[in-house]
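Residue numbers for the sequence shown, in our numbering: 1 to 566. Each remark here refers to the structure printed beneath this line.
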Amino acid sequence: MSIPIQVLVVEDSEDDASLLLRALKRGGYVPDHQRVDTAEALIEALDSQDWDIILSDYSMPKFSGTQALSIVRSRDPDLPFIFVSGTIGEDTAVSAMKAGAQDYIMKGNLKRLVPAVQRELREVETKHGRMLAEAERRQSEARFRNILSIAADAIIVVDEDQRITLFNQGAERTFGYSAEEITGQTLDILLPARFINAHRKHIQEFAKGTDVTRTMHGQREVYGRRKNGEEFPAEASISKLSERGCTAFTVILRDITERKRSEQELRLLQSITQAATDAGDVPAALGVTLNKVCVTTGWTIAQAWVPSAGGATLECSPAWHCRGPGLEEFRRVSLSATFAPDQGLPGRAWSSKQPVWIHDITHDANFPRALSARAAGLKTGMAIPVLADEEVVAVLEFFARESHEQDARLIRLVAVAAAQIGNIIQRKRTEERLHHLAHYDTLTRLPNRVLFTDRLRQATAEADRHERLVGVAFLQPGAQHDGRQVHAQHQGDEHQRRAVLDGPGLLDLRAGGGQHVDVVGQGHDIGEDGVRHLGRVEHRGGEHDGRRLSGRTAQGQNVASEHGRQ
């Protein structure tokens, strides 16, 4: 098999050069050669093309082999260079090898020439292969590092001693360290102290196992520690790669602080909605809201303000929550205070129907309770209005002992909770109105037949337990001279109102059809006082829209369900 080879011969003797070429041909090579014998010619030949090998005489009249070696090495440190000389001594040969020659061969023994050339060409090929592989590896690493640099997750590579060897930009953003300051440090620096031993054990077990990858958050929560000492929840996975007897571990970590916070906020809103729905009244619903918001978000004290009976001011509600000592005086001052629109923290939220945040309440000109707040150590305040039917029905007020810059996300969270409470209050109001319409007469605002039947049943049951009787009286308005029934109904309505306002009745209702009923007493005396009172109302009469009112009462009846007495 013929192997082409590019040979540059540095030789002043053309005959000696021919001997070298014949030896190469006998060894299976097809040499393409050029002979030079000066430095200038050598430089020109090196610049004109690439060569596989240099064969050089050591001593020449115009040029020396050591000069040739120096010129070649200045241009290509790896090009094979073999001395072929008849005058070189052992010491000289050793010096030549140290200077960079690959071998030396005596002209009188060219048997070693072909094996030496083969060896050097193989070495060059192997070396080029290694260089190519190294270049590809570096290129691959560069691509890998470019990918790592733009990855959002933190990617950290550690060695068997858990020392950090790679720290991408995602890790820099997550932990606050630069790659330069963290490389070479142990992974412990990125962990809360209480997790270090468990983490080391986890890595050791993983290194011995057969798994190539493993999640680190499956059985327990994983936490990282930033440069400023802040801890944060994380999801993490780890993989291992063994190469050349060494094992490297790659950790991919994701900060899930925002996800955890969102989940916590969702649970808070759900729990507030459920608890407020189950609450018996509005103060209870406000109280449970204050409690849950404070426990979840860390406010020190929270109060609720509601419009006064006349609607001109806000007054402090019984609903409040406290998470620390020394707040009693501030609470007492709040209970005794009232606020007009735009006055104080709750007044501003009331009039604007918008959240209000005060960075430092002790230095706010429109915070009348500043003195007691300073004594209680309170700093930051927030007020959130609660709206129902576009009307502010309450203002939720929160305070913290630390100074906090305005937190838009926290404001939004509590505002959503307040909106839910507003919806619940609106629904409760609607239910109360429907209940009133179902059980009370619209003219007299007295209980109707449905409610009367229910309450009479309760009254008779109570009387049965105590072996007593219940008295019931009926009022029928009298007819008027003009004969109009509507005026008779007005008479009954007025009699009934008088009975409610002035009499001892237990339950009064408008039964419909102009008839009114009173449960006027219970006990052994059968409500005689009640019947006498209705009689006085009948006798006294009255006026309605300028008309004389009159009517009559039926005799009282004694009702008892179990004892047979009527």
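Glycine included, each C-beta is placed from N, C-alpha and C at the ideal position. None of these values were measured; they are calculated from a predicted model.
Note to self: Whole angstroms are fine: how far does the CA of Ile-358 sit from the CA of Gln-406?
What the structure shows: Position 406 of the sequence shown, counted from the first residue, corresponds to residue 406. Position 358 of the sequence shown, counted from the first residue, corresponds to residue 358. Their Cα atoms are separated by approximately 8 Å.
Next item on the list: Can you give me the start and stop residues for the beta strand (DSSP E) that Gly-381 sits inside?
Entry: For the purposes of this step, residue 381 is taken as residue 381 along the sequence shown, with counting starting at 1. Here the beta strand (DSSP E) through Gly-381 covers 380 to 388.
Next item on the list: Check whether the Cβ atoms of Gln-303 and Ser-352 sit closer than 8 Å, and answer yes or no.
Entry: In the sequence shown, the residue the question calls residue 303 occupies position 303. In the sequence shown, the residue the question calls residue 352 occupies position 352. It is not a contact, given that the beta carbons lie outside the stated cut-off.
Note to self: Measuring only the C-alpha atoms, how far is Thr-257 from Ala-309?
What the structure shows: Looking up residue 257 in the sequence shown gives position 257. Looking up residue 309 in the sequence shown gives position 309. In this structure, the alpha-carbon of Thr-257 lies about 45 Å from that of Ala-309.
Notebook entry, point to check: What's the call for Glu-562, buried or exposed, on a 16-neighbour Cβ count within 10 Å?
Noted result: Taking the first residue of the sequence shown as 1, we reach residue 562 at position 562. Confidence at Glu-562 is low in this model, with a pLDDT of 46, below 50, so its placement is unreliable and no value can be given for it.
Checklist line | Helix, strand or coil at Glu-397 [DSSP, three-state] | finding: Indexing the sequence shown from 1 puts residue 397 at position 397. It is a strand residue.
Next item on the list: Output the boundary residues of the alpha helix (DSSP H) element that contains Thr-297.
Entry: The sequence position of residue 297 within the sequence shown is 297, counting from 1. Its alpha helix (DSSP H) spans residues 282 to 297.
Next item on the list: In the DSSP assignment, find the unbroken alpha helix (DSSP H) run with Ile-196 in it and report its ends.
Entry: For the purposes of this step, residue 196 is taken as residue 196 along the sequence shown, with counting starting at 1. Unbroken alpha helix (DSSP H) run through Ile-196: 196 to 208.
Next item on the list: Since I believe Leu-396 is in contact with Ile-384 (beta carbons under 8 Å), could you give me their beta-carbon distance rounded to a whole number of angstroms?
Entry: Start at 1 with the first residue of the sequence shown, and residue 384 comes out as number 384. Start at 1 with the first residue of the sequence shown, and residue 396 comes out as number 396. Confirmed, Cβ separation roughly 5 Å.
Next item on the list: May I ask you to list the residues that DSSP assigns as paired with Ala-340?
Entry: Locating residue 340 in the sequence shown gives position 340, counting from the first residue. Answer is none; Ala-340 lacks a bridge partner.
Next item on the list: Could you name the residues of the same chain whose beta carbon sits closer than 6 Å to that of Ala-45, not counting the 5 residues immediately before and after it, in chain order?
Entry: Here residue 45 corresponds to residue number 45 of the sequence shown, with the count starting at 1. Annotation for Ala-45: Leu-8, Gln-34 and Val-36 place their beta carbon closer than 6 Å to its own, counting only its chain and skipping 5 residues before and after.
Next item on the list: With DSSP as the reference, label Trp-51 as helix, strand or coil.
Entry: As a first step, residue 51 must be located in the sequence shown, where it is residue number 51. Three-state result, Trp-51: coil.
Note to self: Can you find the residues in the same chain that come closer than 7 Å, C-beta to C-beta, to Leu-79, ignoring five residues on each side of it along the sequence?
What the structure shows: Looking up residue 79 in the sequence shown gives position 79. Answer for Leu-79: Trp-51, Ile-54 and Val-72, listed in chain order.
Next item on the list: Return the Cβ separation of Thr-362 and Arg-348 in integer angstroms, given the expectation that the two are a contact with Cβ distance under 8 Å.
Entry: For this step, residue 362 is matched to residue 362 along the sequence shown. For this step, residue 348 is matched to residue 348 along the sequence shown. Taking the Cβ atoms as the reference, Thr-362 lies roughly 17 Å from Arg-348, outside the contact range of under 8 Å.
Item checked: Residue closest to Phe-399, alpha-carbon to alpha-carbon, out of Val-386, Gly-381 and Leu-413 -> In the sequence shown, counting from the first residue as 1, residue 399 sits at position 399. Checked all of Val-386, Gly-381 and Leu-413; the closest Cα to Phe-399 is Gly-381.
Notebook entry, point to check: Should the stretch 243 to 261 be called in touch with the stretch 149 to 168, which here means at least 3 C-beta pairs below 8 Å?
Noted result: The stretch 243 to 261 makes contact with the stretch 149 to 168, as at least three CB pairs between them are under 8 Å.
Item checked: N-terminal and C-terminal residue of the alpha helix (DSSP H) that Met-106 is part of -> Along the sequence shown, read from residue 1 onward, the residue named residue 106 stands at position 106. Under the DSSP assignment, Met-106 falls outside any alpha helix (DSSP H), being part of the beta strand (DSSP E) whose first and last residues are 103 to 106.
Note to self: Need the endpoints of the alpha helix (DSSP H) that His-128 sits in, please.
What the structure shows: Reading the sequence shown from its first residue, position 128 is the one you call residue 128. Note, His-128: alpha helix (DSSP H), 113 to 150.
Notebook entry, point to check: Counting pairs of beta carbons, one from the stretch 421 to 435 and one from the stretch 271 to 289, are three or more of them closer than 8 Å?
Noted result: Under the three-pair Cβ rule at 8 Å, the stretch 421 to 435 counts as touching the stretch 271 to 289.
Check: Enumerated in chain order, which unbroken segments of the beta strand (DSSP E) with a length of 3 residues or greater are wholly contained in the stretch 23 to 99?
Finding: Within the stretch 23 to 99, complete beta strand (DSSP E) segments of at least 3 residues are found at 29 to 36, 53 to 56 and 81 to 85, given in chain order.
Item checked: Whole-angstrom distance between Phe-232 and Lys-260, CA atom to CA atom -> Taking the sequence shown and counting its residues from 1, one reaches residue 260 at position 260. Taking the sequence shown and counting its residues from 1, one reaches residue 232 at position 232. Near 10 Å, if we compare the C-alpha coordinates of Phe-232 and Lys-260.
Notebook entry, point to check: Of the choices Leu-19, Pro-31, Pro-77 and Tyr-104, whose alpha-carbon is the least far from that of Ser-59?
Noted result: As a position in the sequence shown, residue 59 is number 59, starting the count at 1. With respect to the C-alpha of Ser-59, the residue from Leu-19, Pro-31, Pro-77 and Tyr-104 having the closest C-alpha is Tyr-104.
Notebook entry, point to check: Using DSSP with H/G/I as helix, E/B as strand and the rest coil, what is Arg-429?
Noted result: One-based indexing of the sequence shown puts residue 429 at position 429. Correct three-state label for Arg-429: helix.
Notebook entry, point to check: What's the call for Glu-265, buried or exposed, on a 16-neighbour Cβ count within 10 Å?
Noted result: Counting from 1 along the sequence shown, the entry for residue 265 is found at position 265. Using a 10 angstroms sphere on the CB of Glu-265, the tally of other CB atoms reaches 16 or more, which defines it as buried.
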